[in-house]
Every structure is written in structure tokens, then in C-alpha cells.
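Peer 1:
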Amino acid sequence: MNPADCHLSRRILRIRTMTNKDTLYYDGACPLCSAEMDRLSTLSDAGLELVDVHTASSETLPASRESLLKVLHLRRQNGEVLRGVEANVHAWQHTRWGILFRWMRWPVIASIADFVYIKWAHRRYQRLYPGNTRER
141 MNPADCHLSR RILRIRTMTN KDTLYYDGAC PLCSAEMDRL STLSDAGLEL
191 VDVHTASSET LPASRESLLK VLHLRRQNGE VLRGVEANVH AWQHTRWGIL
241 FRWMRWPVIA SIADFVYIKW AHRRYQRLYP GNTRER
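For the sequence shown, the working numbering gives the first residue as 141, with consecutive numbering after it.
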């Protein structure tokens, strides 16, 4: 494949991943996650799509199913993928309550929020999927 074809191929892939909605991928088997998504679905605008990782087609997922089950992911309209607290805060921007979540992305607080979220997400994953847990 010549360089021009490679560039064109990447451009086509990027266009295919762009949509007119942000898409939040969540673990539908997690009671807390499902409760938050139920609340988010009633409050959000039409620019946010919620997708249960368990029912989604593998071809449409932005990462491996295991990765999506471990940490919340949001694919933005432009194809960029956000993870963890950043994904959650961005999703809530589709509601009138979004401003209440923005402080979690302030520089010092963001690093603390990310740390706490990763610890919580790891523990949640261990409890829901004990046979799939690999220590790092």
C-alpha cells in the first residue's frame, strides 16, 4: 500500500467513527452503573447515546469489551475516546446539571478524582468478574 492509500484509509476510518452523538459505554451488569445510566437517560439531551457493553456489537466498540467493562468510556462525536471520570463528566454535560460535575476536572482535583475512580473501578470489576481479574 502506498503512503497516499494509507492516509486515505486512516481518513475513511476516522470518518466512520464520527457520529452526530456522543456515546457512553457502560457495564449494564453493575447495579450502580445501571442506576446512574437510568438517571442520565432521563436527564440528557438527544446528543448522548447510552450503550450497555454487554448488548453492543463488538464491531462498534471503541476498545475491547474487557477494557470497557473495567472503566467507563465515552466516544465523542469527533471520534475521540474519553475514559473514567473524564467520560462521566463529559456525559453529564448533556444535562442541565453538567456544571455541577465540572469541578472534578479542575487540575488538582482531577488527579485525585481519577485516582479514586480507578481504585473504585478496579474493586468493582473484581467483585463483578472475579474470574477475569489479573493483577498488574
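Yeah, the Cβ is synthetic: ideal placement off N, Cα and C, and Gly gets one too.
1. Could you say which of A175, V211, G219, T235 lies nearest to E226 if we only look at CA atoms?
2. Looking at C-beta atoms only, is the number of pairs between the segment 197–210 and the segment 180–189 that lie closer than 8 Å three or more?
3. Do you know offhand how far I249's Cα is from I239's?
4. Where DSSP assigns a beta bridge to E189, which residues make up the other side?
5. Roughly how far, in whole angstroms, is the beta-carbon of D162 from the beta-carbon of R215, given that I think they are within contact range, below 8 Å?
6. Report the partner residues of H213 according to the DSSP bridge assignment.
7. By Cβ distance below 8 Å, which residues in the same chain neighbour A186 in space, the five residues on each side in sequence not counted?
8. If we count the other Cβ atoms within 10 Å of its Cβ and call it buried at 16 or more, is W237 buried or exposed?
9. Taking W260 as the reference, which of C170, Y165, Q217 has the closest Cα?
Peer 2: According to the structure data:
1. With distances taken between Cα atoms, E226 lies closest to V211.
2. Contact fails: fewer than three Cβ-Cβ distances are below 8 Å.
3. Cα to Cα, the separation comes out at about 15 Å.
4. Partner(s): T163.
5. Indeed they touch by this definition, with Cβ atoms about 7 Å apart.
6. According to the DSSP secondary-structure assignment, H213 is paired through a beta bridge with Y165, R223.
7. Around A186, the same chain offers K161 as residues with beta carbons nearer than 8 Å, after the five sequence neighbours per side are excluded.
8. So W237 counts as exposed.
9. Taking only the C-alpha atoms, the option nearest W260 is C170.
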